[in-house]
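Here the sequence shown is numbered in the working numbering, starting from -11 and rising by one per residue.
Glycine is no exception: its CB is placed at the ideal position from the N, C-alpha and C atoms.
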Amino acid sequence: MTAQGLRWTSEQVLELAPDASSRSAANRLATPSPWSETGADGEAVWGRCAGSGGTRYQTVVDLLGNPAPAYRCSCPSRKFPCKHALALLLRWSEGETAVAPATGRPDWAREWLDARRARAERAVDGAAARGTGREPAKGAAGGETPGGARRRAPADPEAARRRAERRSQRVAAGATELEQRLADLLNGGLAGADRAGYARWDEMAARMVDAQAPGLASRVRELGSHTTGADWPGRLLSECALLHLLNVSCLRLDELPEPLAATVRTRVGHTVDSAELLADPAARVRDEWLVLGRRDETMGRLTARRIWLRGHRSGRTALLLSFGPPGGAPELALPVGLSVEADLAFHPGAPPLRAALGERYGPPGAGFVPDGEALPEAPAAYARALAEDPWLEGWPVVLRGVLPIPPGVDGGPEEWQLATEPAPEGWELGVPPADEAAGQGRSGEGPAPEDAGRAGGRETETGPEAAPSTEELGQRRAWVAVPVHPETASGALWKLLALSGGAPLTVFGEHGHRGFAPYSAWSADGTAVPL
């Protein structure tokens, strides 16, 4: 920690990189020789980096950028952040000897930062105007996003209502058509669906796009991916059932309680403007938000980024969702393990999870180790959330005191697990069979060599100690375990095992019907490590 706030670690900086090549290039540039005129204060970092042909690129990083750090570089790269911005942050992360604190900013850095602050203020004013019905202040008639993109002026309320009605009618017509197509599919049987190709699903999805129901279109496309592999008929039938449930819910939206109706609208593809959510002061939740984890995944041609937060004071968990253009990374980038004092506004739905990031009150600072739940809470939390949102595939959970168990250890399952040994007064999954309690191996032909001593007791000064009773041995072996999601990268699991060193640790991830997917963990010294 410096007088100007926390400087990030190099690992946290490299998390911001849009791809592996940017990380490699930034590491090569993170040396003193290319840099000049570097400086930093509590809000920004800046410097000039030598480029080709004697050009010196002007690079600035706004640490207070909303909704995430923002970058400007005069280089021609189309990546954000570019290698120069990443390299500058890497230099800054090394401490004051690499990038010294400054009392003033160069003109080229100050002008850009001041312009960003002005745009952000106009955006807030414009959003507030739309929320209260008053006219936006001069210069914010249509409002601007924090990044400076223009918004359209507020629409006529009556015209907006008519558009919403027309869309609802189109969506209902699309859901009705989709119901008929699903009925035709099931009436004809699933045999041959694995040989029909993707054309059927693509055409059906296109019809849902025409009906302004992108959420239905996405689920239809996914049906095509369930026609291969073992037990594909069962998986396809299960997905068809969930899609049927969503169709019926959409067609009977007026009969649903509002939280569930909001969830259905979101699943179908309706969106809520984040600026309007944040414009309501009563809806904003200010807290110190810890960045629990981050995941990127490809959705069509876009990159979807999910960032999970945990409020230090409120204890609430939130999900920030952002998208990047084809070939680009999403703008929202917060390093795992840091915390930020900020406003969030939660989207409507049940259970409330997705949120919009509002005003930030300072740069990201030192994080904390989150309070974790006992391992049995993972499936329990998912079950509670699933009762409110039947289409939920996973629920974020922080687990405490868990150990990663590789496949086949001690004759266990041939899959990775997360396990915890309960306290004697804690949970007990049952007592082992009598032959196993007596030290029998898995085949029942006798104790394994390493168990032989335990089976017959151990020698003491007064003679052999009595073997533990069946009940005692059952309590010792009453481990609680959940399977790891089968699609978790093996590298992440071995990294988690190395981090634990055989000791329990705190792990964050999502638990779903296929197991627990770990995304980050905290080492013994409290350092957050993305997996």
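Can you give the Cα-Cα distance for residue i and residue j, rounded to whole angstroms?
{"i": "E210", "j": "I295", "result": "23 Å"}
{"i": "P89", "j": "L101", "result": "17 Å"}
{"i": "L52", "j": "A5", "result": "18 Å"}
{"i": "H501", "j": "G382", "result": "7 Å"}
{"i": "Y507", "j": "P247", "result": "28 Å"}
{"i": "G444", "j": "R372", "result": "Bear in mind that a pLDDT of 38 at G444, under 50, signals an unreliable position, so the number given afterwards is only what the model happens to contain. Each residue's Cα considered, the two are about 45 Å apart."}
{"i": "G389", "j": "E403", "result": "20 Å"}
{"i": "L522", "j": "V1", "result": "With the chain covering -11 to 519 only, the question about residue 522 has no answer from this structure."}
{"i": "A516", "j": "A491", "result": "16 Å"}
{"i": "T216", "j": "C228", "result": "15 Å"}
{"i": "L266", "j": "A333", "result": "6 Å"}
Helix, strand or coil for residue i per DSSP?
{"i": "G490", "result": "coil"}
{"i": "S310", "result": "strand"}
{"i": "Y507", "result": "strand"}
{"i": "P471", "result": "strand"}
{"i": "S327", "result": "strand"}
{"i": "Y349", "result": "coil"}
{"i": "A97", "result": "helix"}
{"i": "T251", "result": "helix"}
{"i": "A512", "result": "coil"}
{"i": "P518", "result": "strand"}
{"i": "A90", "result": "coil"}
{"i": "D549", "result": "Because residue 549 is not part of the residues shown, which for the chain are -11 to 519, the question remains open."}
{"i": "L75", "result": "Position check: residue 75 holds Ala in this sequence, whereas Leu was assumed. Helix, per DSSP."}
{"i": "R104", "result": "helix"}
{"i": "T286", "result": "strand"}
{"i": "L4", "result": "coil"}
{"i": "R11", "result": "helix"}
Let's test the definition: count the other Cβ atoms within 10 Å of the Cβ of residue i and tell me whether it reaches 16, buried, or not, exposed.
{"i": "L225", "result": "exposed"}
{"i": "A354", "result": "exposed"}
{"i": "A58", "result": "buried"}
{"i": "R301", "result": "exposed"}
{"i": "Q157", "result": "exposed"}
{"i": "M192", "result": "buried"}
{"i": "Y45", "result": "buried"}
{"i": "T43", "result": "exposed"}
{"i": "T259", "result": "exposed"}
{"i": "P471", "result": "exposed"}
{"i": "A171", "result": "exposed"}
{"i": "Y349", "result": "exposed"}
{"i": "T19", "result": "exposed"}
{"i": "S12", "result": "exposed"}
{"i": "R110", "result": "buried"}
{"i": "S237", "result": "buried"}
Between which two residues does the alpha helix (DSSP H) holding residue i run?
{"i": "W220", "result": "W220 to L239"}
{"i": "D190", "result": "A187 to D198"}
{"i": "G176", "result": "P145 to G176"}
{"i": "E25", "result": "It is not in any alpha helix (DSSP H) - E25 instead sits in the beta strand (DSSP E) that spans W23 to A28."}
{"i": "A369", "result": "E365 to E376"}
Specify, as a first and last residue, the run of the beta strand (DSSP E) that residue i falls within.
{"i": "S213", "result": "Premise fails: S213 is in no beta strand (DSSP E) and is neither H nor E."}
{"i": "R36", "result": "A32 to A38"}
### Task
Check whether the segment 59 to 66 touches the segment 357 to 372, taking contact to mean three or more Cβ pairs, one atom from each stretch, closer than 8 Å.
The segment 59 to 66 vs the segment 357 to 372: no contact.
### Task
Report yes or no: do three or more beta-carbon pairs, one from the segment 231 to 243 and one from the segment 288 to 306, lie closer than 8 Å?
These segments do not touch.
### the segment 150 to 169 in contact with the segment 177 to 184 per 3-pair CB rule at 8 Å
In the pairwise beta carbon analysis, the segment 150 to 169 is classified as not touching the segment 177 to 184: fewer than three pairs are separated by under 8 Å.
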